[in-house]
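S.K.: Right, I'll just put the structure down here and ask away after.
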Amino acid sequence: MDKREDILRAASVVFQKYGFMKTTLDDIARECGMKNTALYYYFKNKENIMNAMFECDMKKIQDNIINAVA
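Numbering (this note's numbering), first residue to last: 7 to 76.
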């Protein structure tokens, strides 16, 4: 698993625990075992993290649909 995937997994856990609005980058960084300043290398803010999560989910759905009709 690469670092972006680690961050997205950690964000998912923390968003479920605290909710999107109450979650901080510190919370996400703590969950994935890195400093919050390191998160900025991968994502500008938590909104970008959420968008990346949506994109991954949409890709999975798209792949499932393609496989189902193939």
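Beta carbons are placed, not taken as given, at the ideal position from N, Cα and C, and that holds for glycine.
Measure the C-alpha to C-alpha separation of A44 and D8 and round it to an integer number of angstroms.
M.R.: Roughly 14 Å between the two C-alpha positions.
S.K.: I need the DSSP call for D33, collapsed to helix, strand or coil.
M.R.: Three-state DSSP puts D33 in a helix.
S.K.: Just checking my contact of I55 with L14 at CB under 8 Å: how many whole Å lie between their CB atoms?
M.R.: Contact holds; Cβ gap of about 7 Å.
S.K.: Since I believe C38 is in contact with A58 (beta carbons under 8 Å), could you give me their beta-carbon distance rounded to a whole number of angstroms?
M.R.: Contact flag wrong, Cβ pair sits at about 14 Å.
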